[in-house]
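Each residue of the sequence shown is one higher than the one before, counting from 1 in full-length UniProt numbering.
What follows is a single structure, written as structure tokens, with notes after it.
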Amino acid sequence: MFDSLNPLPADPILGLMAAHRSDSNPRKIDLGVGVYKDEQGNTPVMRAVKSAEARLLADQTSKSYVSPAGLATFNTLIASLVLGDELTKTLGDRRVTFQTPGGCGGLRLAAEFIQKVRPASKILVSDPTWANHVPLLGEAGLQIETYPYYDHKNHGIRFDAMMERLSKAAAGDLVLLHGCCHNPCGADLSNEQWQAVAELAQTNGFTPFIDLAYQGLGDGLAEDSYGVRLLAEKLPELIVVSSCSKNFGLYRERTGSLTVIAGSSEAARASASQIAATARAIYSMPPDHGASVVAEILADDTLNSDWELELTEVRERINGLRSALVTELDRQGIDRDFSFIEQEKGMFSFLGLSVDQVQTLINQYSIYLVDSSRINIAGINSSNIEYLAQSIAEAVKR
Ligand code: PMP
1 MFDSLNPLPA DPILGLMAAH RSDSNPRKID LGVGVYKDEQ GNTPVMRAVK SAEARLLADQ
61 TSKSYVSPAG LATFNTLIAS LVLGDELTKT LGDRRVTFQT PGGCGGLRLA AEFIQKVRPA
121 SKILVSDPTW ANHVPLLGEA GLQIETYPYY DHKNHGIRFD AMMERLSKAA AGDLVLLHGC
181 CHNPCGADLS NEQWQAVAEL AQTNGFTPFI DLAYQGLGDG LAEDSYGVRL LAEKLPELIV
241 VSSCSKNFGL YRERTGSLTV IAGSSEAARA SASQIAATAR AIYSMPPDHG ASVVAEILAD
301 DTLNSDWELE LTEVRERING LRSALVTELD RQGIDRDFSF IEQEKGMFSF LGLSVDQVQT
361 LINQYSIYLV DSSRINIAGI NSSNIEYLAQ SIAEAVKR
């Protein structure tokens, strides 16, 4: 059965990680993989997570099965985190939330659910989008098309072109939107642009599908879910997937959620039964630990405040690094405007370098980034920023 198989090409980011690991240059920098890193280059366990884990270890009395929907308390609390308390209350039984194995599990569960309800539905994704959106949605059977999004030349959103393409989407089509901190480009819709998208969805009847993987890493927990909340308030139907990988630092615990908002409580109930059957057929039930930790934190005022405080530190560090990088690049006297880096949000931005310039950074300076010149801002720190800016300047001037 396996004799005729050929290995697939290696994943470029994993390849970069391996090359970085084996590089002996003490000045090497890893700007490739998308995990948060602190000033020391570590990806720490958050304080509130440690405390919640200690409580769980002491108090948990059973490891018995939960359910395909996961932990009910997690689902209620995460819905409130994403949608806000008021709106969650207003939506009532029109909303159903499922705990999922990370954001990836949520995206795939949603795609499998849609495929069941309306096979081969068209889903429009931004150009560019996170590379993993394509297999996660496409391999479930959805037909992927793109809408224009990032303008690499002017470092902004091609909003008119985006709206022009979305105006051709019809009822039954889905439109994938990044809730905040767009991966890979860092350019987010303004509140006015979200309003225009909401109006277009109301007129044309397409269903927005929001991937919220970085809530709290852009401008704040509520600010980053402006678009989600607006669309949830205005539209009859919405799909939202959220991830706790970045904002709770729970990457390997695989913690996320899928929320479906339907036009009526009957439609929501029917959706929930279909989603439960879909989850059952893929992985039966999501892993518990991360969701239990999140539920413990969100339900406890002290843990919740400490988590929000640490998340604010993370966000401010990222935003501070964005400003510092622009300042350092300016100091190098490069004849280019990098100020867009400061306007963009979250962990990623494109530096706007050619593949040759990226290869120069890797081969001559041991600075590891993907060919598109997307960098993980959190890989920068006060001891490598000057070397990074100098190296970029040298690569650009060649
Ligand atoms: N969506 C986007 C845009 C992401 O960048 C990520 C993580 N890199 C995810 C979803 C899913 O993350 P996870 O499965 O680790 O929760």
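No residue lacks a Cβ here, since even glycine has one placed at the ideal position from N, Cα and C.
Item                                                                                                                                                                           : Value
Is Ala169 a contact residue of the ligand PMP, with contact defined as CB to any heavy atom under 7 Å?                                                                         : no
Between the stretch 116–129 and the stretch 80–95, are three or more C-beta pairs nearer than 8 Å?                                                                             : no
To the nearest angstrom, how far is it from the Cα of Ala270 to the Cα of Ser264?                                                                                              : 10 Å
Are the stretch 228–248 and the stretch 203–218 touching, with three or more C-beta to C-beta distances below 8 Å?                                                             : yes
If you draw a straight line from the C-alpha of Leu189 to the C-alpha of Pro208, how long is it?                                                                               : 14 Å
Report, in whole angstroms, the separation of the C-beta atoms of Pro128 and Phe348, which I expect to be a contact under 8 Å.                                                 : About 11 Å separates the two Cβ atoms, so there is no contact after all.
Is it the case that the CB of Cys185 approaches a heavy atom of the ligand PMP more closely than 7 Å?                                                                          : no
The beta strand (DSSP E) with Gly256 in it runs from where to where?                                                                                                           : Gly256 to Ile261
Tell me which same chain residues have a C-beta within less than 7 Å of the C-beta of Asn191, skipping the five on either side of it?                                          : Tyr226
On a Cα-Cα basis, can you pick out the residue from Arg315, Gly256, Leu8 and Arg280 that is closest to Asp288?                                                                 : Gly256
If contact is defined by three or more beta carbon pairs under 8 Å, each pair taking one atom from either stretch, is the stretch 377–389 in contact with the stretch 30–41?   : yes
Quick one: is the Cβ of Gly141 within less than 7 Å of any heavy atom of the ligand PMP?                                                                                       : no
For Ile123, which residues does DSSP report across the bridge?                                                                                                                 : Ile144 and Leu174
Which whole-angstrom value is the C-beta distance of Phe98 and Ile375, which I expect to be below 8 Å?                                                                         : Wrong, their Cβ atoms sit about 33 Å apart, outside the cutoff.
Between the C-alpha atoms of Ala169 and Ala201, what's the straight-line distance to the nearest angstrom?                                                                     : 9 Å
Nearest-angstrom Cα distance between Tyr65 and Pro286?                                                                                                                         : 10 Å
Please classify His178 as buried or exposed, where buried requires at least 16 neighbouring CB atoms within 10 angstroms.                                                      : buried
Do you know whose CA, among Glu223, Ala222, Asp173 and Glu233, lies nearest Ala198's CA?                                                                                       : Glu233
Is Tyr65 helix, strand or coil when you go by DSSP?                                                                                                                            : coil
The beta strand (DSSP E) spanning Met314 covers which residue range?                                                                                                           : According to the sequence shown, residue 314 is Val rather than Met. Premise fails: Val314 lies in the alpha helix (DSSP H), Asp301 to Arg331, not in any beta strand (DSSP E).
Leaving aside the five residues before and after Gly205 along the sequence, list all residues of the same chain whose C-beta is less than 6 Å from its C-beta, in chain order. : Ala171
Leaving out five residues before and five after Ile334 in sequence, what residues of the same chain have Cβ atoms less than 7 Å from its Cβ?                                   : Ala393 and Val396
Could you compute how far the alpha carbon of Asp151 sits from the alpha carbon of Asp3?                                                                                       : 45 Å
Which runs of the beta strand (DSSP E) fall wholly inside the stretch 150–214 and span at least 3 residues, in chain order?                                                    : 174–178 and 207–212
Please go through the stretch 51–121 and give each complete alpha helix (DSSP H) segment of 4 or more residues, from N-terminal end onward.                                    : 72–83, 85–91 and 102–117
Could you round the C-beta distance between Ser373 and Leu351 to whole angstroms and report it? I think they count as a contact, below 8 Å.                                    : 4 Å
On the DSSP bridge assignment, give the partners of Arg269 in chain order.                                                                                                     : Per DSSP, none; premise fails for Arg269.
Determine the closest residue to residue 444 out of Ser292, Ile385 and Ser366, with distance taken between C-alpha atoms.                                                      : What the structure shows of the chain is the stretch from 1 to 398, and residue 444 is not part of that stretch, so it cannot be assessed.
Alpha carbon to alpha carbon, how far is Gly141 from Ser391?                                                                                                                   : 44 Å
Are the beta-carbon atoms belonging to Lys37 and Thr43 less than 8 Å from one another?                                                                                         : yes
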